[in-house]
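Please read the structure below before turning to the comments.
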Amino acid sequence: RAGKEANVYLAYGENNREVAIKIYKIDSNTSRWMRNYIIGDPRFKKIPHNISKIIFLWASKEFKNLKRAYKAGLSVPEPIYVKNNILIMEYVGFGSIPAPKLKDITFPKEPIKLLNEILGFIKNLYQNANLVHGDLSEFNILYHNQKPIVIDISQAVTTQHPKAEVYLVRDIKNVFNY
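Quick note on UniProt numbering: the sequence shown kicks off at 1 and runs consecutively.
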């Protein structure tokens with residue numbers, strides 16, 4: 001899948017395991033808005049000025065956020081490896097067909113249950129992983145086996161981030177607007 005900040009490819013890892021390879025585009029326009037989510041994050045003290053290094057930091061940030069969320073038992077792809085602008089993680093889909101984004105599902109089975117699962121994700125991400133997604137919407141939730149799998153967690157910030165509460169409220173509003 002091609003996206004505005006990265007392209008994602010299906011590949012095969014050890015033991016023929018399906019993995020997703022996310023390659024971030026080295027782009028000055030993208031790096032500008034990334035800074036907003038990095039500045040104020042206590043995990044990142046030095047913010048590079050070099051565009052490539054900002055993108056590398058962004059890939060590393062997504063890997064770290066995925067690790068935190070995955071360790072907290074949340075429904076995110078398992079992170080496997082990161083190097084420079086390349087992130088390898090668990091593939092979500094059936095063979096060559098990736099799981100659809102929630103925005104592409106006309107009417108999900110049990111919508112109230114789905115809503116509660118997504119709200120539970122937001123709560124557990126905050127309480128158990130000390131993170132706020134920061135850009136949660138139907139565009140970055142996959143619908144796989146009638147369950148939500150949250151993706152694109154690179155912009156997630158710690159609960160100590162100065163804008164964490166603003167992002168949390170926005171995430172909840174986005175879910176209810178959907």
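Note that beta-carbon positions come from the ideal geometry of N, C-alpha and C, so glycine has one too. Keep in mind the model is a prediction, meaning the values are calculated, not measured.
Output yes or no for whether 7 angstroms exceeds the beta carbon distance between Ser137 and Trp58. What you label residue 137 is simply residue 137 of the sequence shown in a count that begins at 1. What you label residue 58 is simply residue 58 of the sequence shown in a count that begins at 1. No, they are not a contact pair.
Relative to the C-alpha of Leu87, which residue among Tyr167, Ile97, Gly73, Asn65 is closest? The residue labelled residue 87 in the question sits at position 87 within the sequence shown. Checked all of Tyr167, Ile97, Gly73, Asn65; the closest Cα to Leu87 is Asn65.
What are the residues that DSSP puts in a beta bridge with Leu87? Counting from 1 along the sequence shown, the entry for residue 87 is found at position 87. Lys22, Val82.
Bounding residues of the alpha helix (DSSP H) (the contiguous stretch that carries Leu102): Counted from its first residue, the sequence shown places residue 102 at position 102. Boundaries for Leu102: no alpha helix (DSSP H) harbours it, and the DSSP string shows neither H nor E there.
Out of curiosity, what's the CA-to-CA distance linking Met89 and Phe121? The sequence position of residue 89 within the sequence shown is 89, counting from 1. The sequence position of residue 121 within the sequence shown is 121, counting from 1. Computed Cα separation, rounded: 19 angstroms.
Would you say Tyr81 and Glu18 are within 7 angstroms of each other, going by their C-beta atoms? Taking the first residue of the sequence shown as position 1, residue 81 is located at position 81. Taking the first residue of the sequence shown as position 1, residue 18 is located at position 18. Against a cut-off of 7 angstroms, the Cβ pair of Glu18 and Tyr81 comes out as no contact.
Looking at chain E, is there any beta carbon in it that lies within less than 7 angstroms of the beta carbon of Asn116? Given the protein chain composition of this structure (a single chain), no chain E is represented.
Rounded to whole angstroms, what is the Cα-Cα separation between His161 and Ile54? Stepping through the sequence shown from its first residue, residue 161 is reached at position 161. Stepping through the sequence shown from its first residue, residue 54 is reached at position 54. Distance between the alpha carbons of His161 and Ile54: 18 angstroms.
Could you check if Phe107 is buried or exposed, using at least 16 other CB atoms within 10 Å of its CB as the buried criterion? For the purposes of this step, residue 107 is taken as the residue at position 107 of the sequence shown. Exposed.
If you reduce the DSSP assignment to three classes, tell me which class Val150 lands in. The residue labelled residue 150 in the question sits at position 150 within the sequence shown. It is a strand residue.
Evaluate Tyr12 with the Cβ neighbour count: other Cβ atoms within 10 Å of its Cβ, from every protein chain shown; 16 or more gives buried, anything less gives exposed. Mapped onto the sequence shown, residue 12 falls at position 12. Burial call: exposed.
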